[in-house]
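Asks: In case it helps, the numbering used here puts the sequence shown at residues 583 to 662.
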Amino acid sequence: MHLTPVKVQCYAGFKGDEEPRLFIFDQRIIEIEEIVDRWYQVESKPEWPRANYFRVRGSDQRIYMLKHDLESDEWYLGSR
Numbered sequence: 583m584h585l586t587p588v589k590v591q592c593y594a595g596f597k598g599d600e601e602p603r604l605f606i607f608d609q610r611i612i613e614i615e616e617i618v619d620r621w622y623q624v625e626s627k628p629e630w631p632r633a634n635y636f637r638v639r640g641s642d643q644r645i646y647m648l649k650h651d652l653e654s655d656e657w658y659l660g661s662r
């Protein structure tokens, strides 16, 4: 899987950045209409740091996969 860094705005509840609300990719703002799925990488290994993953439906009706690397606090857009 190829990961591209993206800027993400999140809902910030008592846990901090809990859910993505929009992301900026290729100079386009894509609002998130629905979180379709969510999963976690809980074990921390050098090749697979702890992360939250979100499969989301964007305002353009496309499905995207976002990764929030919890150790670096960076967001990535996944593609095959």
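Here a beta-carbon is modelled for each residue, glycine too, at the ideal position from N, C-alpha and C. Remember, predicted model here, so these are calculated numbers, not experimental data.
1) Decide if the segment 648-660 is in contact with the segment 588-598; the criterion is three or more beta carbon pairs, one per stretch, under 8 Å apart.
2) Is the beta carbon of R632 sitting closer than 7 Å to the one on L648?
3) Starting from F636 and walking both ways along the beta strand (DSSP E), at which residues does that stretch end?
4) Decide if F605 is buried, meaning its Cβ has at least 16 other Cβ atoms within 10 Å, or exposed.
5) So what's E613 in DSSP terms, helix, strand or just coil?
Replies: Quick answer:
1) Verdict: yes, contact present.
2) Not closer than 7 Å, so no.
3) Unbroken beta strand (DSSP E) run through F636: 633-640.
4) Buried is the call here.
5) If DSSP states are grouped into helix, strand and coil, E613 belongs with the strands.
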